[in-house]
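Just so we're aligned, residue 1 is where the sequence shown starts under UniProt numbering, counting upward by one.
One structure is given here, and the rest of the page talks about it.
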Amino acid sequence: MQRTTIVVLKVLIAGLLALLLVCQIFVVPAVAAQSAVRYSEIAYFEIPGAIVGILFLVCVQVVLVCVWRLLSLVREDSIFSDSAFPDVDVSLAAVVFATFLVLIALVALSFTGFMTPSITLLLLLGIVVGAGLSLLIVVLRGLLRKASQLEADLSEVV
């Protein structure tokens with residue numbers, strides 16, 4: 001991969017991390033407060049909803065940091081080493097946890113009787129996407145393991 005591509009990707013990741021931090025500090029609490037005022041029937045979800053939203057964004061940030069680290073391994077031409085696996089494993093854990101948070105939101109809102117079809121659909125879509133991403137990471141981890149083994153075997157031959 002070209003150095004320019006990696007630099008551009010890292011700049012985009014840095015921008016995303018900054019935007020997510022702004023969302024965590026300002027947007028999520030403001031939306032939670034406005035929702036509590038607008039929908040007083042579920043105002044007791046203001047703090048838990050903000051916490052879940054912030055934790056979800058933390059999961060996204062963790063994945064972005066792991067991708068940053070994996071890009072550094074690509075730049076150093078050591079992506080097919082054991083040092084790549086912790087980042088892949090942490091990414092998988094973050095995606096699974098984020099999916100679990102969406103599931104918690106679905107269950108919690110279901111018990112309120114306040115669910116609209118669009119919210120239900122969005123939360124179900126979030127669960128399906130999270131499960132799909134988790135499975136994709138598992139498959140890609142397996143491919144990384146196989147490529148690492150093949151590179152180790154090839155280096156022994158050469």
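Built from N, CA and C at the ideal position, the CB exists for glycine as well.
If you draw a straight line from the alpha carbon of residue i to that of residue j, how long is it in whole angstroms?
i	j	result
SER35	LEU109	13 angstroms
LEU17	SER91	15 angstroms
LEU103	VAL128	10 angstroms
SER134	VAL63	12 angstroms
PHE45	ALA147	47 angstroms
PHE100	GLY130	9 angstroms
VAL27	SER118	21 angstroms
If you follow the alpha helix (DSSP H) that residue i is part of, which residue opens it and which one closes it?
i	result
ALA84	From DSSP, ALA84 is part of no alpha helix (DSSP H); its letter is neither H nor E.
PHE56	46–75
GLU151	117–157
Are residue i and residue j touching if we call contact CB-CB under 7 angstroms?
i	j	result
ARG69	ILE6	no
LEU105	CYS59	Correcting the residue type first, residue 105 is Ala in the shown sequence and not Leu. Their beta carbons are not under 7 angstroms apart, which means ALA105 does not touch CYS59 by this criterion.
LEU71	LEU9	yes
PRO29	ALA50	yes
Examine chain D for any beta-carbon lying closer than 7 angstroms to the beta-carbon of residue i, and answer yes or no.
i	result
LYS146	Among the chains in the structure shown there is no chain D, since it carries only a single protein chain.
Subject >> Stretch pair the segment 1–16 + the segment 25–41: three plus CB contacts closer than 8 angstroms >> reply: no
Subject >> Three-pair Cβ contact test at 8 angstroms for the segment 81–88 versus the segment 111–120 >> reply: no
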